[in-house]
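Taking it in order: structure first as C-alpha cells, then the write-up.
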Amino acid sequence: MGLRSIRWVGGALCAVAALALTASPALAEDAPVPEPPTFTSTLTATLTPDAVRADDGAPVPGQQGATGTFTLRLNSQQNIVCYDI
Numbered sequence: 217m218g219l220r221s222i223r224w225v226g227g228a229l230c231a232v233a234a235l236a237l238t239a240s241p242a243l244a245e246d247a248p249v250p251e252p253p254t255f256t257s258t259l260t261a262t263l264t265p266d267a268v269r270a271d272d273g274a275p276v277p278g279q280q281g282a283t284g285t286f287t288l289r290l291n292s293q294q295n296i297v298c299y300d301i
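Under this note's numbering, the very last position in the sequence shown is 301; numbers go up by exactly one each time.
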C-alpha cells in the first residue's frame, strides 16, 4: 500500500467515524424530555467583555459592562443534557 492509499483509507475511516457519531440516535433526538431531578455533572461559565476572542485568538472586546452565563447540566445515567444560556 502506497502513501496515497494509506492517506485515503485514514481519511475514509475518519469520515465514517464522524458519520457514525452524528447519526447516533441520542444526537438525532430533538424531542424535549423532562428535566431529571438530579445531575451527575454541572459546569457553569461566566464571560465578561475581556474574554471575547476572535477565531485566531486575538482579543475582541465585547460591550462594556456586559456579562453572560452558560450552565451545562449532565445526567450521564439517563443520557440527558440540559443547558441555560
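Each residue gets a CB set at the ideal place from its N, CA and C atoms; glycine is no exception.
Every value quoted in this text rests on a predicted model; they were computed, and no experiment measured them.
>> According to DSSP, residue 286 sits in a beta bridge with which residue or residues?
In response: Secondary-structure assignment with DSSP links residue 286 through a beta bridge to 261.
>> Using only the alpha-carbon positions, how far apart do residue 236 and residue 280 sit?
In response: At residue 236, the pLDDT of 46 sits below 50, so the modelled position is not reliable; the number obtained from the coordinates is stated separately. If I take the Cα positions, the gap works out to 43 Å.
>> For residue 255, which residues in the same chain have their Cβ closer than 7 Å to its Cβ, ignoring the five residues on either side in sequence?
In response: 289, 290 and 291
> Nearest-angstrom Cα distance between residue 249 and residue 301?
Replying inline: 18 Å
>> Among the candidates 294, 293 and 284, whose CA atom is the shortest distance from the CA of residue 263?
In response: For residue 263, the nearest C-alpha among the options comes from 284.
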